[in-house]
Amino acid sequence: MTARLATVGVVLLVALTAPIAGVGAVAAAPGDDTREIAYGETVRGAVDSVDAIRDNPTENGHVGEWYYEPVSFEGNAGDVVNVSLYGPTDTSMVLVGPDGQRLSHNEDGGSGNNSEIVTRLPADGTYTIQVTSHFPEDSYEYLLSLHRLDAEERTSIELGETVVGTVDETNPESEQFHGRYAELSLSAPAGQEIELTHSSAADSGLFLIGPNNQVVAQKVAPYAGQDVTLRYVVEQDRPYTVIVASDDYEGEFSYQVSASAVTENESANDSAAGNDTAANETDETSGGDGHSGHAPDAPASPSLRVLDGGLNQSATTLGTSVTHTVTVANFGDAAGTFDEPVLVDGTETVRYEATLAPYEMRTLSVSMTPNRTGQYAVALGDGDAQSLTVVPPANADGNTVQIGNDTYVGVAQNATAGQTVPFEFEMGTADATLQTVSVDAGGSGTLWLEAKRTANLSAGGPPADGLAVQHGFALSPSLQANGTTVDQSIQRGTVTVDVSRAALGETAEANVVLYRYDEGAGTWTALPTTRVASTAENVTYRAETDRFSTLALGTVTPVQAGGSLSTNAVSAGETVTVTATVRNDGSAPVETTVPVTVDGDTVTERTLTVQPGGEQTFTATLSPAAGTHAVGVGGTQVGTLDVAASGTADGENAMTTDATPTSTTGGDGPGFTAVVALLSVVAALLLGYGRREA
Numbered sequence: 001m002t003a004r005l006a007t008v009g010v011v012l013l014v015a016l017t018a019p020i021a022g023v024g025a026v027a028a029a030p031g032d033d034t035r036e037i038a039y040g041e042t043v044r045g046a047v048d049s050v051d052a053i054r055d056n057p058t059e060n061g062h063v064g065e066w067y068y069e070p071v072s073f074e075g076n077a078g079d080v081v082n083v084s085l086y087g088p089t090d091t092s093m094v095l096v097g098p099d100g101q102r103l104s105h106n107e108d109g110g111s112g113n114n115s116e117i118v119t120r121l122p123a124d125g126t127y128t129i130q131v132t133s134h135f136p137e138d139s140y141e142y143l144l145s146l147h148r149l150d151a152e153e154r155t156s157i158e159l160g161e162t163v164v165g166t167v168d169e170t171n172p173e174s175e176q177f178h179g180r181y182a183e184l185s186l187s188a189p190a191g192q193e194i195e196l197t198h199s200s201a202a203d204s205g206l207f208l209i210g211p212n213n214q215v216v217a218q219k220v221a222p223y224a225g226q227d228v229t230l231r232y233v234v235e236q237d238r239p240y241t242v243i244v245a246s247d248d249y250e251g252e253f254s255y256q257v258s259a260s261a262v263t264e265n266e267s268a269n270d271s272a273a274g275n276d277t278a279a280n281e282t283d284e285t286s287g288g289d290g291h292s293g294h295a296p297d298a299p300a301s302p303s304l305r306v307l308d309g310g311l312n313q314s315a316t317t318l319g320t321s322v323t324h325t326v327t328v329a330n331f332g333d334a335a336g337t338f339d340e341p342v343l344v345d346g347t348e349t350v351r352y353e354a355t356l357a358p359y360e361m362r363t364l365s366v367s368m369t370p371n372r373t374g375q376y377a378v379a380l381g382d383g384d385a386q387s388l389t390v391v392p393p394a395n396a397d398g399n400t401v402q403i404g405n406d407t408y409v410g411v412a413q414n415a416t417a418g419q420t421v422p423f424e425f426e427m428g429t430a431d432a433t434l435q436t437v438s439v440d441a442g443g444s445g446t447l448w449l450e451a452k453r454t455a456n457l458s459a460g461g462p463p464a465d466g467l468a469v470q471h472g473f474a475l476s477p478s479l480q481a482n483g484t485t486v487d488q489s490i491q492r493g494t495v496t497v498d499v500s501r502a503a504l505g506e507t508a509e510a511n512v513v514l515y516r517y518d519e520g521a522g523t524w525t526a527l528p529t530t531r532v533a534s535t536a537e538n539v540t541y542r543a544e545t546d547r548f549s550t551l552a553l554g555t556v557t558p559v560q561a562g563g564s565l566s567t568n569a570v571s572a573g574e575t576v577t578v579t580a581t582v583r584n585d586g587s588a589p590v591e592t593t594v595p596v597t598v599d600g601d602t603v604t605e606r607t608l609t610v611q612p613g614g615e616q617t618f619t620a621t622l623s624p625a626a627g628t629h630a631v632g633v634g635g636t637q638v639g640t641l642d643v644a645a646s647g648t649a650d651g652e653n654a655m656t657t658d659a660t661p662t663s664t665t666g667g668d669g670p671g672f673t674a675v676v677a678l679l680s681v682v683a684a685l686l687l688g689y690g691r692r693e694a
């Protein structure tokens, strides 16, 4: 199904209240005390001087008072949890159990200065995360995430997977691997560079054993809680063994191990050459004391992550807006831009664009209004799609629904071929209002009509002499049959528009017509238009069109006169017939006086009433003097008449007219008097001749 949701607007909101259903994130304003967190949540808080004070959580030689914010959560025995702390300083956190005893501590488990604890909870109860710093009297804003990991007994790992587990007294132990350890089998094609990452609250260690049972790569963190990453280019198409260990011979620890294939770009950007075979990581991050807890310096960079979000409903009525909301957090130490599209059936409908400061969390919302019924798949970028069902409004077929300030949609669900379907509107401004549009369906199915008021037409609209209407209406009908849109089945229709007296000004009613824009030619075409009503406030016009596009009001010169000559050459004394045609291109009846001229002089005229879209004809017979004459009708030259001299005396311009029903009034011209005088002379001569014979 073609995506047809109209974007109403984008609203960026900082969430200071509870989230919508399905969004598991709440943003706390800087300086607010954060006291609780639950599995699956990310909270924002601040460590400052109003918080509790504790002693130094780390043996790093610093002295003073450490501010900390206690954030509690409910846990159960056996839960393997991941607690991640992000902030602009050298973060530190302590996990305290229900018995008040310190369960775990971490300073540099995450990337950069961030901290991370992965551990298994020993009992049911309330646990407390003490959010603090490596430095005394340190204040900062932070993001804190809590997740319960799905621990499982695994003996293998594949590229692209993450395995969570716990090493305890049931696991084997070895001095080579610094205590108890877990084994995971890994297979990858020869030549593939792989990356293994181990997160743990313990001194993380990774050992990779080749098919020959020899250690081919290893890395052990220099101090507790630091993650380790190991890269290796696979040399054989045979299984390797990943040893998940720590540097604590007797300790129990939980772990989170990920395996991934390194892309060519990642490999090219990696400054390390060859396989990672060092027996131990050097003490390059310790600052000389071996366990200072300082993380290595790195360029500041953003790290944006979508926490949760989606539609606020799964079904709506045509014309009713739906809201898509997303909660985004920046876990990096530099500002970042969140730029993601919302796709409807794979087509971008609206886009999120927002900049987040370091360690900021925001809730962003966009509103969309569907302009078609049916079922749609709505997704954020390449994420999982949600289903949205749009149903018709509870009113009669053919009615219309407003879906935006300038857009309406009409629907007739059971249209049949040849049926004329009326759509009722009240769409417009003070100058002009779209009232009705009737569409002739060329097939059977659901008939749609989208009507949208266009932008200002003052620079590119149709001729509009004296008419103060500066917008039009874009009309887009379509027919859906069996889920397929068939636009070419729409052949013709009629459009009714009201125009205010104020917009008309001094413009004559008959001069106003509707124009249709020809997109291919880039021109406006006047439509057959009829004035159907006229009141003290408004004038109503109806136009017929054989195609639909943008329609706008404009003006024409309603009376168009022309004609033809029965011949272009006569001899003096002979006659020629002028056939005059008067057409009304306006929208109302026009009474007009049309002159017939010879060399610019009026020899006769007719006063006619011509209906809109109609025409009338009349004829006049001329007998001009010898010479070349220009003959015109209503100011338009219709021909040139050559009159040859004869053996008799040249006559003056002479004219007679027909008595057709379209003629309304007669008139004397100089030619008529000349013909009568000539006939009188002939009669007198004949009378004198008769008397001489007598």
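Going by the UniProt record's numbering, the sequence shown opens with residue 1, and the numbers climb by one from there. Here a beta-carbon is modelled for each residue, glycine too, at the ideal position from N, C-alpha and C.
Margin query: Just to confirm my understanding: we take P88, look at its own chain, exclude 5 residues before and 5 after, and list those with CB closer than 7 Å. What are they?
Written below: Result list for P88: Y140, D333, P358, Y359, in chain order.
Next item on the list: Go ahead and pull the three-state DSSP assignment for A190.
Entry: In the structure shown, A190 sits in coil (DSSP, three-state: anything other than H, G, I, E or B).
Notebook entry, point to check: Are D317 and P239 close, meaning C-beta to C-beta below 9 Å?
Noted result: The question names Asp, but residue 317 is Thr in the sequence shown. In this structure, P239 does not lie closer than 9 Å to T317 by Cβ.
Notebook entry, point to check: Taking Cβ to Cβ, would you say V167 is nearer than 9 Å to V244?
Noted result: Closer than 9 Å, so yes.
Check: Buried or exposed: T389, going by 16 or more other Cβ atoms within 10 Å of its Cβ?
Finding: exposed
Checklist line | Which listed residue (A335, E509, L527) has its alpha carbon closest to that of residue 703 | finding: What is shown of the chain runs 1 to 694, which leaves residue 703 out entirely.
Check: In three-state terms, what does DSSP make of A221?
Finding: coil
Notebook entry, point to check: Tell me the DSSP bridge mates of E141?
Noted result: DSSP output for E141 lists A46 as bridge partner(s).
Check: Which residue comes first and which comes last in the beta strand (DSSP E) that contains A503?
Finding: Looking at the DSSP string, A503 is not in any beta strand (DSSP E); the run it does join, the alpha helix (DSSP H), is 501 to 504.
Item checked: Under the three-state DSSP convention, the category E74 falls into -> strand
Next item on the list: With a threshold of 16 other CB atoms inside 10 Å of the CB of D203, please say whether the residue is buried or exposed.
Entry: buried
Notebook entry, point to check: Shortest alpha-carbon distance to L622 belongs to which of A630, E615, F338?
Noted result: A630
Checklist line | Nearest neighbour of S115, chosen from I129, L208, A123, A588 [CA to CA] | finding: I129
Checklist line | Contact belief for V495 with L479 at Cβ below 8 Å, rounded distance in angstroms | finding: Wrong, their Cβ atoms sit about 18 Å apart, outside the cutoff.
Checklist line | Neighbourhood of T617 by C-beta, 7 Å cutoff - its chain only, sequence neighbours within 5 removed | finding: Once the five neighbours on either side are set aside, the close Cβ partners of T617 are T579, A580, T581, T662.
Note to self: Does the region 350 to 369 come into contact with the region 325 to 340, if we say contact requires no fewer than three beta-carbon pairs (one atom in each stretch) closer than 8 Å?
What the structure shows: In this structure the region 350 to 369 lies against the region 325 to 340, because at least three pairs of beta carbons, one per stretch, are closer than 8 Å.
Margin query: I'd like the span of the beta strand (DSSP E) that includes E107, first residue to last.
Written below: Careful: E107 lies outside any beta strand (DSSP E) and carries neither H nor E.
Check: Counting pairs of Cβ atoms below 8 Å between the region 441 to 460 and the region 407 to 414, do you hit three or more?
Finding: yes
Item checked: Collapsed DSSP secondary structure at N330 in the structure displayed -> strand
Next item on the list: Answer yes or no: do V342 and V378 have a C-beta to C-beta separation smaller than 9 Å?
Entry: yes
Margin query: Do A259 and residue 700 have their beta-carbon atoms positioned less than 9 Å apart in this structure?
Written below: An answer regarding residue 700 cannot be provided, because it is not within the stretch 1 to 694 covered by the chain.
Margin query: With three or more beta-carbon pairs closer than 8 Å as the criterion, would you say the region 50 to 64 touches the region 117 to 124?
Written below: no
Notebook entry, point to check: Given S321, which residues of its chain have a CB within under 7 Å of its CB, disregarding the five upstream and five downstream residues?
Noted result: V8, S367, M368, T369
Notebook entry, point to check: If we call anything under 9 Å between Cβ atoms a contact, is G554 one with A588?
Noted result: no
Check: Within the 9 Å Cβ cut-off, does S587 reach chain C?
Finding: Chain labels in this structure do not include chain C; a single protein chain is all it has.
Next item on the list: May I have the straight-line CA-CA distance separating residue 696 from G460, to the nearest angstrom?
Entry: For the chain, the structure presents residues 1 to 694; residue 696 sits outside this window and is missing.
Next item on the list: State yes or no: is the C-beta of P462 within less than 9 Å of the C-beta of A552?
Entry: yes
Margin query: Can you list, in chain order, the residues of its chain with a C-beta nearer than 8 Å to that of G600? Leave out the 5 residues immediately preceding and following it.
Written below: A630, G632
Next item on the list: Note the first and the last residue of the continuous beta strand (DSSP E) segment covering Y515.
Entry: Boundaries of the beta strand (DSSP E) harbouring Y515: 512 to 518, taken from the DSSP string.
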